[in-house]
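Going down the list, the sequences are from chains A and B. Using this note's numbering, the first residue of the first sequence is number -3, and each one after it goes up by one. Using this note's numbering, the first residue of the second sequence is number 28, and each one after it goes up by one. Read through the structure below, which is laid out as structure tokens, and then see the notes.
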Amino acid sequence: MNRTVLRALILALLLGVGGLAQAQDEAASGEAAAEDGAGKNATEFVAAPPEAEKISGLSLMVAAYIAVWIVIVGYILFLLTRQRRLYGELHDIRSRLEAIDAQLAEGGGGEEGT
Amino acid sequence: MRASNDLKLHILFVASLIAIVTGIYLAFYLAPVEGNLGIVQKIFYFHVPAAFATYLGFLLCALGSIIYLLKPRLWADRMARAGAEVGLLFGLIVLITGPLWAYKSWGHFWEWEPRLTSMLLTFLIYCSYLLLRAFGGTGDSARKIGAVMGVLGLVGVGVVRVSVKLWGGVHPQVVFEGGGLHPDMYPPFYVCIVGFLLLAWALVWMRMNLQRDHEEIEALHLLAEDLEYELETP
Chain A
-3 MNRTVLRALI LALLLGVGGL AQAQDEAASG EAAAEDGAGK NATEFVAAPP
47 EAEKISGLSL MVAAYIAVWI VIVGYILFLL TRQRRLYGEL HDIRSRLEAI
97 DAQLAEGGGG EEGT
Chain B
28 MRASNDLKLH ILFVASLIAI VTGIYLAFYL APVEGNLGIV QKIFYFHVPA
78 AFATYLGFLL CALGSIIYLL KPRLWADRMA RAGAEVGLLF GLIVLITGPL
128 WAYKSWGHFW EWEPRLTSML LTFLIYCSYL LLRAFGGTGD SARKIGAVMG
178 VLGLVGVGVV RVSVKLWGGV HPQVVFEGGG LHPDMYPPFY VCIVGFLLLA
228 WALVWMRMNL QRDHEEIEAL HLLAEDLEYE LETP
């Protein structure tokens, strides 16, 4: 394996592990603050106070589901479009190679005549 | 052989569609409406499975990259590229559905807290990977540089996974840590996870096939140019 690539991999791993270790230290020292309740992760679903929301939950849910389907279907259509373009290129390259074949055949017929 | 591969791909797509539709049906007709969040909690059945699909895509990218670095194989490079694209696709779904749910939960769409920030950073890393692959050339060196980036991006995925445990934040932990799920919420949740993972797998497979066809056509173009050049020169 290329030495440069190997060094880059090792450096990336060291940075990643070092970063995680440092973060764990900071997390341990920040646990006291977390225990005060600030930034504590909810382990059940919680809602914002009603006065904070201006958009209904139903609208948000519908928007989310529509967005999901648009993204997925959009990507599938993108892939199908690329596939169609590739089939077009395949048709072009096939014609090109057939023309080359014909030229080679003519050239071979000419040589046999002489 | 290609015909049988296409058939398997079609079956995979149909299976994923059936699983997702079944999951949606169960989410609305079996799972109860959550008491605190109301109907918006139904986003959960897409948001979390999409996150799993994102991890799968990025893992495939990293795996393909590692294989390519150890033993340059074109199929590994195709898998890396396809994995990154599909990972970004589902990552986009996570980043769209999450804030929509967050608005109901926190009163605003975004919070610069560990899970969300690390997810966004990882998303941007893999965006950079795809830009590098698109504009960085097609030679072996470009593939290897891309592969290193694909492996580096995996660090971001690890950070996203452990961000809540290490740094806290406000992102909820209802699935594996807490008891926030009603028993009837688990079936649609698991079915949606299966559906999204199958869909991710099918999209990676389809993208890999496209890349293979593109490479073959490029090779045929080069062959045609060489032959035309030989015919033209006396």
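All residues carry an ideal CB built from backbone N, CA and C; glycine is no exception. Please read these numbers as outputs of a predicted model, since none were measured by experiment.
Confirm, please, whether the CB-CB distance from residue j to residue i is below 8 Å.
| i | j | result |
| --- | --- | --- |
| residue 230 (chain B) | residue 113 (chain B) | yes |
| residue 121 (chain B) | residue 74 (chain B) | yes |
| residue 100 (chain B) | residue 238 (chain B) | no |
| residue 124 (chain B) | residue 77 (chain B) | yes |
| residue 53 (chain B) | residue 210 (chain B) | no |
| residue 80 (chain B) | residue 216 (chain B) | no |
| residue 57 (chain A) | residue 220 (chain B) | no |
| residue 106 (chain B) | residue 84 (chain B) | no |
| residue 82 (chain A) | residue 244 (chain B) | yes |
| residue 132 (chain B) | residue 43 (chain A) | yes |
| residue 51 (chain A) | residue 130 (chain B) | yes |
Identify every residue that forms a DSSP beta bridge with residue i.
| i | result |
| --- | --- |
| residue 61 (chain B) | B:65 |
Using a C-beta to C-beta distance shorter than 7 Å, which residues of chain B count as neighbours of residue i?
| i | result |
| --- | --- |
| residue 64 (chain A) | 73, 120, 124 |
| residue 67 (chain A) | 116, 119, 120 |
| residue 78 (chain A) | 237 |
| residue 59 (chain A) | 127 |
Using a cut-off of 7 Å between C-beta atoms, extract the partners of residue i located in chain A.
| i | result |
| --- | --- |
| residue 107 (chain B) | Within chain A, no residue comes near residue 107 (chain B); the closest Cβ sits about 14 Å away, beyond 7 Å. |
| residue 233 (chain B) | 75 |
| residue 224 (chain B) | Near residue 224 (chain B) there are no residues of chain A at all, since even the closest Cβ is about 14 Å away, more than 7 Å. |
| residue 69 (chain B) | 57 |
| residue 248 (chain B) | 89 |
| residue 255 (chain B) | 96 |
Between the options, which lies nearest to residue i when the distance is taken from Cα to Cα?
| i | options | result |
| --- | --- | --- |
| residue 183 (chain B) | B:50, B:89, B:214, B:65 | B:89 |
| residue 39 (chain B) | B:60, B:227, B:256 | B:227 |
| residue 160 (chain B) | B:187, B:125, B:110 | B:110 |
| residue 55 (chain A) | B:83, B:68, B:78 | B:68 |
| residue 118 (chain B) | B:96, B:92, B:154, B:95 | B:154 |
| residue 94 (chain A) | B:255, B:259, B:189 | B:255 |
| residue 194 (chain B) | B:146, B:141, B:250 | B:141 |
| residue 236 (chain B) | B:104, B:148, B:93 | B:104 |
| residue 89 (chain A) | B:257, B:240, B:83 | B:240 |
| residue 248 (chain B) | A:86, A:102, A:99, A:103 | A:86 |
| residue 190 (chain B) | B:139, B:152, B:157 | B:139 |
| residue 252 (chain B) | A:72, A:96, A:100, A:102 | A:96 |
| residue 147 (chain B) | B:188, B:30, B:60 | B:188 |
| residue 152 (chain B) | B:134, B:166, B:174 | B:174 |
| residue 61 (chain B) | B:35, B:261, B:208, B:250 | B:208 |
| residue 98 (chain B) | B:167, B:260, B:261 | B:167 |
| residue 196 (chain B) | B:56, B:34, B:137 | B:137 |
| residue 10 (chain B) | B:63, B:55, B:82 | Given a span of 28 to 261 for chain B in the structure shown, any question on residue 10 (chain B) remains unanswerable. |
| residue 179 (chain B) | B:156, B:165, B:192 | B:156 |
| residue 250 (chain B) | A:92, A:103, A:101, A:102 | A:92 |
Could you name the residues of chain B that residue i contacts, counting a contact when the two beta carbons are closer than 8 Å?
| i | result |
| --- | --- |
| residue 102 (chain A) | Under the 8 Å cutoff, chain B gives no residues; its nearest Cβ is about 10 Å from residue 102 (chain A). |
Report the CB separation of residue i from residue j in whole angstroms; it is logged as a contact under 8 Å.
| i | j | result |
| --- | --- | --- |
| residue 60 (chain A) | residue 225 (chain B) | With 8 Å as the limit, residue 60 (chain A) and residue 225 (chain B) do not qualify as a contact, their Cβ atoms being about 21 Å apart. |
| residue 171 (chain B) | residue 96 (chain B) | 6 Å |
| residue 58 (chain B) | residue 233 (chain B) | Actually they do not touch by this definition, with Cβ atoms about 31 Å apart. |
| residue 218 (chain B) | residue 50 (chain B) | 4 Å |
| residue 65 (chain B) | residue 53 (chain A) | 5 Å |
| residue 181 (chain B) | residue 150 (chain B) | Contact doesn't hold; Cβ gap of about 14 Å is too wide. |
| residue 177 (chain B) | residue 169 (chain B) | Residue 177 (chain B) to residue 169 (chain B), Cβ: 12 Å. No contact. |
| residue 258 (chain B) | residue 99 (chain A) | 5 Å |
What does residue i reach in chain A if we use C-beta pairs closer than 8 Å?
| i | result |
| --- | --- |
| residue 239 (chain B) | Per Cβ cutoff of 8 Å: no residues; residue 239 (chain B) is ~10 Å from chain A at best. |
| residue 251 (chain B) | 89, 92, 93, 96 |
| residue 66 (chain B) | 53, 54, 57 |
| residue 244 (chain B) | 82, 85, 86, 89 |
Counting only Cβ pairs nearer than 9 Å, list the residues of chain B close to residue i.
| i | result |
| --- | --- |
| residue 94 (chain A) | Per Cβ cutoff of 9 Å: no residues; residue 94 (chain A) is ~10 Å from chain B at best. |
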